[in-house]
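Per our numbering, the sequence shown starts with residue 1238, numbered consecutively. Just so it is clear, CB atoms sit at the ideal spot from N, CA and C, and this is done for glycine as well.
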Amino acid sequence: LRVSGAVNGQAAGASGDSSVLEEVVITARRFGENLQNAPVSVTAMTADYLQSQRMQEVQQVIEMTPGASFRKFNKGQMNFSMRGISSGGEGAAFDSAVMTVIDDVVIGKDALTNMKFFDVAQVEVLRGPQGTTFGRNASAGAIHIITQKPTMESEAWIEGTAGTDELLEVNAVVNGALGSSTAGRLAVHYDEREGYTEDLITGDPLDDVENMSLRGQLLFNPNEDLQVLFKVEYSEDDDAHSIRKAPDCTQPQLTPPFGNFTDSCDPYKTTTSESTDGPFWFEREITNISAKVDWAINDTLSLTSITGWVEADLNVRQDNYGTPYSVVYNISQDDVEQFTQEFRLDNGQSDSSITWMVGVFYLTDDHERIDEREILTFDSFLATTADATTNKSTDSMGLFGQVNLEMQHRLYAGG
């Protein structure tokens, strides 16, 4: 069992004297700076804050971010919004208006954005258009998830959580030196629970979840000017399908001849057509491999290379309408593969009042989505089917950069 104090991510928490704010260092502009001094609209959530609030998914970060919201069809079809701007669509042909970044690697597809995160050092939410410090443009904002990195200090711990609805969660970390210039870190996460929502007919839970995630990292420091970080991460979800409830529980959701059903006004009770249509599910596998190289060319110039490869398979079958009758259900399959490469040159470590950064970004991805939707009426009489296959291949190149001038004001007193 581990116990950590909560730290407010916006104000960074208080330590000792309540009038003194603990310093929170962010990398929203791709180099470290104090949150209080950064000239950007950013919300930072520290590791202690994330743990105290049990935040483990991007949608939970969105819920705690001013000016942000989301819509969810299922865990693989998320629509994030900031300042009223959203991508407004789903599927292979759309990119999200809110970009998700994991350890500097852009995650470009909605099917990949809401994976479980664990052993996280910090989450930064940038509001407003992005593109000057990230090679991939985002019209509404970006969410940057920064995981804990390997260190030479030996560390090993395991924590477990158990609760109602058969909740079971385990997190474990092993970290330490693997040589004079090499450190490694292995982090494991597992959680499962029964659904919070009860089936009105059978009394069984509906929205069960299960996730297993594994992350391994190696950090090489052959000399004081060069640092190389390799990361491999695998995540697997095996959930029941998302629950659909009627928008108005006081009105019949179905009337004859299509059925006779009025949903419960209890937010944790409803039903599905699983008994007549067969089982529903949400299955997803994500593999994320990346390499980051930081080279200090001299005392002022730094060159950074970030290489990322992400692959995912998503398989969903769910009741779209949410009644005991077979009305509408959907089967979808997503196969996604993405490769990114970024190079940055900057003088962020310089003491100069003028700092700058330039970079080049390349992305290529392939996304195939297969949808099968069946609309059934008159107690499982097949009325309409709709099948669609969407394929999208993208090759994108971007140049980005910015210049910062630190303005200093001096006050003079005469007498």
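Ignore the nearest five residues each way along the sequence and tell me which others in residue i's own chain have a CB closer than 7 Å to its CB.
| i | result |
| --- | --- |
| LEU1636 | VAL1597 |
| GLU1403 | ARG1430, GLU1431 |
| PHE1307 | GLN1296, ILE1299, MET1315, ASN1316, PHE1317, SER1318 |
| ASP1341 | LYS1529, ILE1543 |
| ASN1351 | GLU1294, VAL1295, GLN1296, LYS1312, MET1315 |
| SER1333 | PHE1317, SER1324, ASP1347, THR1350 |
| ASN1552 | GLU1520, GLN1570 |
| SER1501 | LEU1437, CYS1486, THR1507 |
Less than 8 Å between the CB atoms is what I'm expecting for residue i and residue j, so what's the real figure, rounded?
| i | j | result |
| --- | --- | --- |
| ASN1525 | GLU1470 | 4 Å |
| ASP1556 | ARG1606 | ASP1556 to ARG1606, Cβ: 20 Å. No contact. |
| SER1527 | GLY1545 | 4 Å |
| ARG1373 | VAL1343 | 5 Å |
| LEU1600 | SER1630 | The pair is not a contact, with the Cβ atoms about 11 Å apart (cut-off 8 Å). |
| ALA1414 | MET1389 | 5 Å |
| ILE1380 | VAL1338 | 7 Å |
| TYR1566 | GLU1611 | 6 Å |
Is DSSP giving residue i helix, strand or coil here?
| i | result |
| --- | --- |
| THR1492 | coil |
| GLU1723 | Residue numbering for the chain in the displayed model covers 1238 to 1652; residue 1723 lies beyond these limits and cannot be assessed. |
| SER1278 | coil |
| GLN1288 | helix |
| GLU1300 | helix |
| VAL1547 | strand |
| ASP1347 | helix |
| GLU1270 | strand |
| GLU1574 | strand |
| GLU1511 | helix |
| VAL1640 | strand |
| VAL1193 | Here the chain covers residues 1238 to 1652 and nothing more, so residue 1193 does not appear. |
| ASP1340 | coil |
| ALA1528 | strand |
| THR1537 | coil |
| MET1352 | coil |
| HIS1478 | coil |
| ARG1417 | The sequence shown places Ser at residue 1417, not Arg. If DSSP states are grouped into helix, strand and coil, SER1417 belongs with coil. |
| PRO1442 | strand |
| SER1318 | strand |
| ASN1448 | strand |
| TYR1433 | coil |
| LYS1468 | strand |
| ARG1308 | strand |
Taking just the CA atoms, how far does residue j sit from residue i?
| i | j | result |
| --- | --- | --- |
| LYS1506 | PHE1371 | 44 Å |
| ILE1480 | ASP1583 | 48 Å |
| LEU1287 | GLY1397 | 16 Å |
| ILE1438 | THR1509 | 9 Å |
| ILE1322 | VAL1277 | 18 Å |
| ARG1320 | PRO1366 | 10 Å |
| THR1499 | GLU1435 | 15 Å |
| PRO1516 | ARG1554 | 8 Å |
| ASN1412 | LEU1466 | 14 Å |
| VAL1425 | PRO1387 | 14 Å |
| GLU1643 | PRO1303 | 28 Å |
| GLY1416 | GLY1440 | 56 Å |
| VAL1279 | GLN1464 | 27 Å |
| ILE1395 | GLU1361 | 26 Å |
| GLY1368 | ALA1477 | 37 Å |
| TYR1433 | VAL1446 | 10 Å |
| GLY1585 | LEU1272 | 16 Å |
| ALA1623 | TYR1562 | 19 Å |
| TRP1593 | ILE1263 | 17 Å |
| LEU1456 | PHE1580 | 19 Å |
| ASN1628 | ALA1375 | 22 Å |
| SER1589 | ASP1531 | 21 Å |
| MET1292 | MET1282 | 10 Å |
Residues in the same chain with beta-carbon distance under 6 Å from residue i, minus the five sequence neighbours each way, listed in chain order, please.
| i | result |
| --- | --- |
| PRO1459 | SER1418 |
| GLU1522 | GLU1473, ASP1550 |
| LYS1468 | GLN1454, SER1527 |
| SER1587 | THR1537 |
| VAL1335 | PHE1317, MET1319, ALA1377, GLY1378 |
| ASP1428 | GLU1406, ASN1448 |
| ASN1641 | THR1592 |
Do residue i and the ligand ADP come close, with the Cβ less than 6 Å from some heavy atom?
| i | result |
| --- | --- |
| ASN1408 | Ligands displayed in this structure: none; no statement on the ligand ADP is therefore possible. |
CB-CB under 8 Å to residue i, same chain, minus the five flanking residues each way: which ones, in chain order?
| i | result |
| --- | --- |
| GLY1400 | ARG1430 |
| ASN1497 | PRO1489, LEU1491 |
Using a beta-carbon distance below 7 Å, is residue i in contact with chain C?
| i | result |
| --- | --- |
| ALA1399 | In the structure shown, chain C cannot be found, because there is only a single protein chain. |
Quiz item: Taking three-plus beta-carbon pairs below 8 Å as touching, is the stretch 1346-1362 in contact with the stretch 1447-1457?
Solution: yes
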